[in-house]
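Peer 1:
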Amino acid sequence: MMQTAAAAPAGQLHDHVAVARDIVKSYGTGENEVTALRGVSAAFPRGRFTAIMGPSGSGKSTFLHCMAGLDTVTSGSILIGDVDITRLSRTRLTKLRRDRLGFVFQSFNLLPMLTAEENIRLTGRLGNRRPDREWFDTVVDSLGLRERLSHRPSELSGGQQQRVAVARALLTRPEVLFADEPTGNLDSRSGAEVLGFLRTAVDAYRQTVIMVTHDPAAAAHADRVLFLADGLIVQELPAPTIDGVHAVMRRMEG
89 MMQTAAAAPA
99 GQLHDHVAVA
109 RDIVKSYGTG
119 ENEVTALRGV
129 SAAFPRGRFT
139 AIMGPSGSGK
149 STFLHCMAGL
159 DTVTSGSILI
169 GDVDITRLSR
179 TRLTKLRRDR
189 LGFVFQSFNL
199 LPMLTAEENI
209 RLTGRLGNRR
219 PDREWFDTVV
229 DSLGLRERLS
239 HRPSELSGGQ
249 QQRVAVARAL
259 LTRPEVLFAD
269 EPTGNLDSRS
279 GAEVLGFLRT
289 AVDAYRQTVI
299 MVTHDPAAAA
309 HADRVLFLAD
319 GLIVQELPAP
329 TIDGVHAVMR
339 RMEG
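When we follow this note's numbering, the leftmost residue of the sequence shown carries the number 89, and every step to the right adds one.
Have a look at this one:
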């Protein structure tokens, strides 16, 4: 029987960088109303890698976008640290996303007129922050981008472009890195390289990663997987393996 993942008890919230409490997300009104999330609660520990999976239409991307402050909720609350982002003004929410969160998407979202280095530094410059050179060097060298810093996106492979996007997201040392299908546009080798660095960022630098994926091989890089179905978390799988993820997905689809 599938078990619903519960939010952390109040006394344990200091161990979590992000917490969702009874999130409901509906679109439309009346007969046209569609509920994408039906009261989702979950807690995300610091320095851990969580994958989110589920069938098409399960609400997994909606959940990620709400957690990241990219979409609003109908009801419920979302904490990033001790800040309830559902209560912030648009201006304060934009600032929080810029200063405290990182984002990697399926599309690389690089500016074509900028070099790889300029793209990597872009978020920090928008926030008037200059990351220390040592951390810049660590990120760039760990992702194998040293020889590509002067290249524009059109001169990079898809895998290299996504590594630039990951470097940009990590350069400001975000409290949470949100990744939405980060390997969706990559071949298996490039995808494995990006996932390997996300794993290293968690293990070596205590980064917190929350990733939506449809790929069991990608999910197997995480510390746990949350499975959504019909707008609810229906199971949590710790220490996932490819076979274990496949088994859960088969049960859900059956």
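Even for Gly, the Cβ is constructed at its ideal location relative to N, Cα and C.
Out of 261, 192, 222, 327, state which residue places its alpha-carbon closest to the alpha-carbon of residue 282.
Peer 2: Against the sequence shown, residue 282 aligns to sequence position 194. The shortest C-alpha separation from residue 282 is found at 192.
Peer 1: Could you pull out every residue in the same chain whose Cβ sits closer than 8 Å to the Cβ of residue 154, ignoring the five residues on either side in sequence?
Peer 2: In the sequence shown, residue 154 corresponds to position 66, counting from 1. Closer than 8 Å at the Cβ level, and outside the excluded window around residue 154, lie 108, 111, 113, 125, 160, 161, 166.
Peer 1: I think residue 292 touches residue 139, with their Cβ atoms under 8 Å apart; what is that distance to the nearest whole Å?
Peer 2: To locate residue 292, count along the sequence shown from 1; it is residue 204. To locate residue 139, count along the sequence shown from 1; it is residue 51. Wrong, their Cβ atoms sit about 19 Å apart, outside the cutoff.
Peer 1: Would you please state the rounded distance, in angstroms, between the beta carbons of residue 157 and residue 148? I believe it to be under 8 Å.
Peer 2: Within the sequence shown, the letter at position 69 stands for residue 157. Within the sequence shown, the letter at position 60 stands for residue 148. Residue 157 to residue 148, Cβ: 17 Å. No contact.
Peer 1: If you drop the 5 nearest sequence neighbours on each side, which residues of the same chain put their C-beta closer than 7 Å to that of residue 246?
Peer 2: Here residue 246 refers to the residue found at position 158 of the sequence shown. Closer than 7 Å at the Cβ level, and outside the excluded window around residue 246, lie 273, 274, 278.
Peer 1: Determine the burial state of residue 326: buried for a count of at least 16 other Cβ atoms within 10 Å of its Cβ, exposed for fewer.
Peer 2: The count along the sequence shown starts at 1 and reaches residue 326 at position 238. Around the CB of residue 326, fewer than 16 other CB atoms lie within 10 Å, so the residue is classed as exposed.
Peer 1: Using only the alpha-carbon positions, how far apart do residue 220 and residue 309 sit?
Peer 2: Position 132 of the sequence shown, counted from the first residue, corresponds to residue 220. Position 221 of the sequence shown, counted from the first residue, corresponds to residue 309. Those two C-alpha atoms are separated by around 29 Å.
Peer 1: Can you tell me the Cβ-Cβ gap for residue 204 and residue 233, rounded? I've got them flagged as a contact below 8 Å.
Peer 2: Within the sequence shown, residue 204 is the residue found at index 116, counting from 1. Within the sequence shown, residue 233 is the residue found at index 145, counting from 1. Residue 204 to residue 233, Cβ: 6 Å. Contact.
Peer 1: Out of 319, 320, 312, 302, which has the shortest C-alpha to C-alpha gap to residue 337?
Peer 2: In the sequence shown, counting from the first residue as 1, residue 337 sits at position 249. Closest option to residue 337, Cα to Cα, is 302.
Peer 1: From 311, 115, 180, 171, pick the residue whose C-alpha is nearest to that of residue 150; which is it?
Peer 2: For the purposes of this step, residue 150 is identified with residue 62 of the sequence shown, where counting begins at 1. Nearest option by C-alpha distance: 115.
Peer 1: Quick check on the DSSP output: the beta strand (DSSP E) that includes residue 192 runs from which residue to which?
Peer 2: The residue labelled residue 192 in the question sits at position 104 within the sequence shown. That run of the beta strand (DSSP E) goes 189–193.
Peer 1: Determine, using beta-carbon pairs with one atom in the stretch 257–271 and one in the stretch 315–330, whether at least three such pairs fall under 8 Å.
Peer 2: no
Peer 1: For the stretch 127–163, which segments carrying the beta strand (DSSP E) assignment without a break, of at least 3 residues, lie completely within its bounds, in sequence order?
Peer 2: 137–141
Peer 1: Does DSSP put residue 327 in a helix, in a strand, or in coil?
Peer 2: Counting from 1 along the sequence shown, the entry for residue 327 is found at position 239. Of the three classes helix, strand and coil, the one that applies to residue 327 here is coil, per DSSP.
Peer 1: Which stretch, first to last residue, makes up the beta strand (DSSP E) that contains residue 317?
Peer 2: Numbered from its first residue, the sequence shown carries residue 317 at position 229. From DSSP, the beta strand (DSSP E) with residue 317 extends over 312–317.
Peer 1: Out of curiosity, what's the CA-to-CA distance linking residue 333 and residue 322?
Peer 2: Against the sequence shown, residue 333 aligns to sequence position 245. Against the sequence shown, residue 322 aligns to sequence position 234. If you take the alpha carbons of residue 333 and residue 322, they lie about 13 Å apart.
Peer 1: Quick one: what's got a C-beta closer than 8 Å to residue 287's C-beta in the same chain, skipping five residues either side?
Peer 2: Here residue 287 refers to the residue found at position 199 when the sequence shown is read from its first residue. Excluding positions up to five away in sequence, the list reads 137, 309.
Peer 1: Whose CA, out of 269, 335, 276, lies closest to the CA of residue 144?
Peer 2: Mapped onto the sequence shown, residue 144 falls at position 56. Selected option, being the one with the closest Cα: 269.
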